[in-house]
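Right, one structure below, let's go through it.
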Amino acid sequence: MAKIVIYEDSENDLISRYAGLTKNHDVYVRHERRGNFGPSSLRWDYGDKRFKINGFNTDNFQNGYGDPSQESADVYFLDGLRGFCLEIIEKLPKERAFINTDSSSIIQEAKQRGYNVVEGSVKDIVSRFSM
8 MAKIVIYEDS
18 ENDLISRYAG
28 LTKNHDVYVR
38 HERRGNFGPS
48 SLRWDYGDKR
58 FKINGFNTDN
68 FQNGYGDPSQ
78 ESADVYFLDG
88 LRGFCLEIIE
98 KLPKERAFIN
108 TDSSSIIQEA
118 KQRGYNVVEG
128 SVKDIVSRFS
138 M
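In my numbering, the protein residues as written are 8 to 138.
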């Protein structure tokens, strides 16, 4: 079982990319900071049944990205976060942090800087770090 920390700004991407990890691993989510006001599209709804159905424990969700240098995990996955991933990943263990985005420009920049990019299955990546 691995401890996985995911930095994500989309509930849909979180579920589609990482639901397959929740059964066998401890998954922690750091998501884009949003207030507790306004329409539901402006905030993460921890009561959303999709999280529970897909095995996510919302007690492990954090509103905001926090201080990445204080995190301790076996594997880290980062969405592109509109380029902010390149700032966060600098504070994480390079060999265990992976950018997982659809943005070709962020992928290109990440590779140029020597960062890991998900190019296959996240399950396969996690299995390399699981005990």
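All C-beta atoms, glycine included, are put in the ideal place defined by N, C-alpha and C. Quick caveat, the model's predicted, so the values are computed rather than measured.
- For the 8 angstroms CB-CB criterion, Val34 and Leu28 form a contact.
- The bridge partners DSSP lists for Tyr14 are Arg37, Leu85.
- Selection Ile96, Ser110, Met8, Lys30 evaluated against Asn61 yields Lys30 as nearest (Cα-Cα).
- As DSSP reads the structure, Ala104 sits in a beta bridge with Tyr83.
- Distances from the alpha-carbon of Ala26 to those of Tyr83, Phe58, Lys118, Leu93 put Phe58 closest.
- Taken atom to atom, the span from the alpha-carbon of Trp51 to that of Glu15 is near 11 angstroms.
- In the three-state reduction of the DSSP assignment, Asn64 falls in the coil class, being assigned neither a helical nor a strand state.
- Taking C-alpha positions only, Ile96 is separated from Asp66 by approximately 24 angstroms.
- For Ser111, the enclosing alpha helix (DSSP H) starts and ends at 111-119.
- Under the three-state reduction of DSSP, Asn19 is assigned to helix.
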